[in-house]
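Novice: So that we are looking at the same thing, I have put the structure below in structure tokens.
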Amino acid sequence: MSSEQVTTNGEQMEQLAAYIVAKVVRNKAAEITPDTPLVSSGLIDSFALIDIFLELQRIAGCKIPASKVQAKDMDTIRLMFAVAEKFGKPPKQ
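Going from the sequence shown to the numbering used here is simple: count from 1 and add 25.
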């Protein structure tokens, strides 16, 4: 594994799920797991994806080129972190 690669752990996924429940979804009792469909189920709308994308980068500690991300890549937390691992680069110091 190169030092340029981003890795994900379960704690990071839990952090993003907590952020989505606290800041994005209207139903604060919603139970969100790494595999919960977010957009396709209607839990979040496409406008919320921008905030979630920024939080994903903060939690993963990387920058992800927006041009590499499609809406289908943002439907579950697991998919989001897969994109971060594939395309994310550590931020420049």
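From the three backbone atoms N, C-alpha and C, an ideal C-beta is built for every residue, glycine too.
Quick caveat, the model's predicted, so the values are computed rather than measured.
May I ask you to list the residues that DSSP assigns as paired with Lys-88?
Specialist: Per DSSP, Lys-114.
Novice: So, are the CB atoms of Val-108 and Ile-89 less than 8 angstroms apart?
Specialist: For Val-108 and Ile-89, yes; Cβs fall inside 8 angstroms.
Novice: Does the region 46 to 60 come within contact of the region 109 to 116, defined as at least 3 CB pairs closer than 8 angstroms?
Specialist: Verdict: no, contact absent.
Novice: Taking DSSP as the reference, what is the three-state secondary structure of Gly-67?
Specialist: If DSSP states are grouped into helix, strand and coil, Gly-67 belongs with coil.
Novice: Please state whether DSSP places Ile-45 in a helix, a strand or coil.
Specialist: Helix at Ile-45.
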